[in-house]
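Chemist: So that you can map any letter, position 40 of the sequence shown is 40 in full-length UniProt numbering, and since no number is skipped, the others follow by simple counting.
Even for Gly, the Cβ is constructed at its ideal location relative to N, Cα and C.
One structure is given below, represented as structure tokens, and several questions about it will come after.
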Amino acid sequence: MTETTQPALTVDALGKKCPIPIIMLAEQINHVPLNAVVAVLADDPAAVTDVPAWCRLKSHRHVGSYELPEGGWAIHVRRNY
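Right, here's the structure in full:
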């Protein structure tokens, strides 16, 4: 069962190529409370693998990636520290 926590913050990286979505996430993740979720909106296919890899590298949690009806994904990341 997937978590359905409402994101505390949405980072709109639609139309931007990696690594820009990750840079935007890194700049914003500390602006939400601990354990809050940040949604990264991205349509670069690389983001679907790069954001979860960044989470593992930085010890944050990849909650899930969800397809957007207009194309792209909402990639949810939980802030761990």
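Closer than 7 Å to a non-hydrogen atom of the ligand MG - does that hold for the CB of P45?
Modeler: Although the ligand MG was asked about, the structure shown includes no ligands whatsoever.
Chemist: Report the option in L68, G71, P69, I75 whose CA atom is closest to the CA atom of R61.
Modeler: For R61, the nearest C-alpha among the options comes from I75.
Chemist: Put E27 into one of helix, strand or coil per three-state DSSP.
Modeler: Helix.
Chemist: Of the choices A13, G64, L9, S59, whose alpha-carbon is the least far from that of P33?
Modeler: L9
Chemist: Who does I22 pair with in a DSSP beta bridge?
Modeler: Beta-bridge pairing links I22 to no other residue.
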